[in-house]
Amino acid sequence: MTLLILSGPSLVQAWSKPGPSLVQVWSKSGPSLVQVWSKSGPSLVQVWSKSGPSLVQVWSKSGPSLVQVWSKSGPSLVQVWSKSGPSVGGRGGKSFKSLAASLVESLPVGLYPSAPAPHDSIAQSWLRLLDRANHSVDIAAFYLTLRSKDQEPTDAQGRLVFEKLKSLKAKGVTLRLSVNAPQSQTVDKFVCLSGAEVREVHMSSLTGGIIHTKLWAVDQRHLYVGSANMDWRSLTQVKEVGLTVEDCSCLSQDLSRVFEVYWTVGGANGSLPPYWPARLSALSSSQNPLHLKFNGVPARVYLSSSPPQLSTRGRTDDLAAILSVIEDAQYFIHVSVMDFLPLAQFSQPPRFWPPLDSALRAAACSRGLKIRLLVSCWPYSQAAMFVYLQSLLTLNRPPLNCDIQVKVFTVPSTMEQMKIQFARVNHAKFMVTDRVLYIGTSNWSEDYFTQTAGVGLVVNQTGSEPGLKTLRTQADQIFLRDWTSQYSTDLTTDQTDACPQAQR
């Protein structure tokens, strides 16, 4: 090992027998080059600018195993290589490895009783992800109630997930949960039983909202995003839709960065930092999506988040993502969401908030698109929602002749099922256009985008070969099944009681 120092220092170089193990060139602002060598070639190349590293490259004998290029807004490329070439492409790259991406769904007991489930259940997908976990499981959730306090047989799937989470510690897997504060004693009991590390995020003091995100990042290789809460009811008593992706390190790492934001601001003394560190910068965005292959079909994919206060450098805002998907549509827009209100829903008095409402009106009336909007009816619906939706329907009249339809989805309940609180509702939050699929965790009213934490996933498989089954077409089949089912009823402009259960 030798050490050479020149002029204060302009060069620091450490050598080992096979070649240099460290080369570091200094300028006034800091190192401009760091290079670590192994016998087969460099194992790390890192070029620095004032704003941070501009290139990170890790090599194996067959070629680079990781290439990460940085711009001011964050990394612009993550690329993993195998001996035959890149297996997962990043921004601007191509994916040569097909990734397993699956739409997953929870159907309440008794819903569609005669039809086979077209997709894996969310419970099945969670159990599969936990079986694959080797190192870490990070979960962001509103709350944690996987077991019923009562003797409720339909909590069996939640209990299976609970037991699987408990078993992670014995496998040497680290379990972290970021949940909204304050939590009930169920979290304390879970921590004692599972050894999980839990951080409660006091969103009410940070932004005035809550943690409404529902995400899983497993080993920074596998992921889940969707509408289901960490609740036994979300597995058997509530209709939910989500998406799992396996063996996709670049997208899972990006989702992990969203989780790390919550982890950073969590705890009793959590606060918003003056700026977000570069290590949390987005790896995907609407301007620079990841180029992947989902089930053999090329896809451009990115994550979005809300509220803006929790969006790190380069991250697409969730509202902006939704508006972009609406603007991109050419023929139709299908939306399934529990609540759609052009209001600041939880402020007093409620405040008018038109961005999403205006975007759908413009799409229908200025661009001639077909709009189909499916909302939910249950005891916690607000009667005002249906009045606002009726105002959309008036645009169908001559001379405007816009094409907007609204239906109300009601999950039927037996007398016993009615006793289960916060259940028997279509809780899904997704949008399908003729070009793009959006899976989200937020209801469509102002609070969810300006104060409350949520996440979205945008998948664009436009241009794929005819006949290939895309995630977009599968999601549209879910939408059309629900839209044409016996559980959906047309909303009309003359109805005065569109949802008898709604709060007034």
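Here UniProt numbering is used: the first residue of the sequence shown is 1, the next is one more, and so on.
Note that the Cβ used here is the ideal one computed from N, Cα and C, for glycine as well.
TODO: With distances taken Cα to Cα, identify the nearest neighbour of Leu168 among Val191, Val238, Tyr438, Asp155.
DONE: Val191
Task: CA nearest to the CA of Ala139, picked from Asn180, Gln151, Glu105 - done: A small correction: the amino acid at residue 139 is Ile; Ala does not occupy that position in the sequence shown. The shortest C-alpha separation from Ile139 is found at Asn180.
Task: Buried or exposed by the 16-neighbour rule on C-beta atoms within 10 Å, applied to Asp476 - done: buried
Open item on the list: Measuring only the C-alpha atoms, how far is Leu255 from Thr433?
Closed with: 24 Å
TODO: Confirm, please, whether the CB-CB distance from Leu243 to Val225 is below 7 Å.
DONE: yes
TODO: Please report the residue range of the alpha helix (DSSP H) in which Arg128 lies.
DONE: 122-132
Open item on the list: Just to confirm, is the Cβ distance from Ser336 to Ala428 under 7 Å?
Closed with: yes
- [ ] Going by CA-CA distance only, name the one from Pro399, Pro398, Leu392 that's closest to Gln405.
- [x] Leu392
TODO: From the DSSP output, in three-state form, read off Ile210 for me.
DONE: coil
Open item on the list: In this structure, how does DSSP classify Met338 when only helix, strand and coil are distinguished?
Closed with: coil
- [ ] Express the C-alpha separation of Asp155 and Glu163 in angstroms, rounding to a whole number.
- [x] 12 Å
- [ ] Under 6 Å Cβ to Cβ from Trp126, same chain only, skipping five residues before and after it: list those, please.
- [x] Val161
Open item on the list: Nearer than 6 Å: is that true of the beta carbon of Ile211 relative to any heavy atom of the ligand HEM?
Closed with: Inclusion of the ligand HEM in the displayed structure is not the case, the ligand content being empty and no account of it being possible.
TODO: Tell me where the beta strand (DSSP E) around Ile439 begins and ends.
DONE: 436-440
Task: Same chain, Cβ closer than 7 Å to Val198, five either side skipped, listed in chain order - done: Leu177, Val179, Val187, Val191
- [ ] Look up Asp317 in the DSSP assignment and say whether it is helix, strand or coil.
- [x] strand
Task: Same chain only: Cβ atoms within 8 Å of Gln486, ignoring 5 sequence neighbours per side - done: none
- [ ] Please state whether DSSP places Pro412 in a helix, a strand or coil.
- [x] coil
- [ ] Less than 8 Å between the CB atoms is what I'm expecting for Leu303 and Gly209, so what's the real figure, rounded?
- [x] 19 Å between Cβ atoms; not a contact.
Open item on the list: Only counting the same chain, and skipping five residues up and downstream in sequence, which positions put a Cβ closer than 6 Å to that of Leu373?
Closed with: Val335, Val406
- [ ] Please classify Ala469: is it buried, with 16 or more other beta-carbons within 10 angstroms of its beta-carbon, or exposed?
- [x] In the sequence under discussion, the amino acid at residue 469 is Lys, which differs from the Ala named in the question. Burial call: exposed.
Task: Local Cβ density within 10 Å of Tyr331, reported as buried at 16 or more and exposed below that - done: exposed
TODO: Decide if the region 136-151 is in contact with the region 276-286; the criterion is three or more beta carbon pairs, one per stretch, under 8 Å apart.
DONE: no
Task: DSSP-derived helix/strand/coil call for Ser114 - done: coil
Open item on the list: Taking the beta carbon of Asp150 as the centre, do at least 16 other beta carbons fall within 10 Å, making it buried, or is it exposed?
Closed with: exposed
- [ ] State yes or no: is the C-beta of Lys171 within less than 7 Å of the C-beta of Leu193?
- [x] no
TODO: Select from Leu280, Ser252, Asp494, Ala299 the residue whose C-alpha is nearest the C-alpha of Arg313.
DONE: Leu280
Task: Range of the contiguous beta strand (DSSP E) that encloses Thr302 - done: Just to set this straight, residue 302 is Tyr in the shown sequence, not Thr. Its beta strand (DSSP E) spans residues 297-306.
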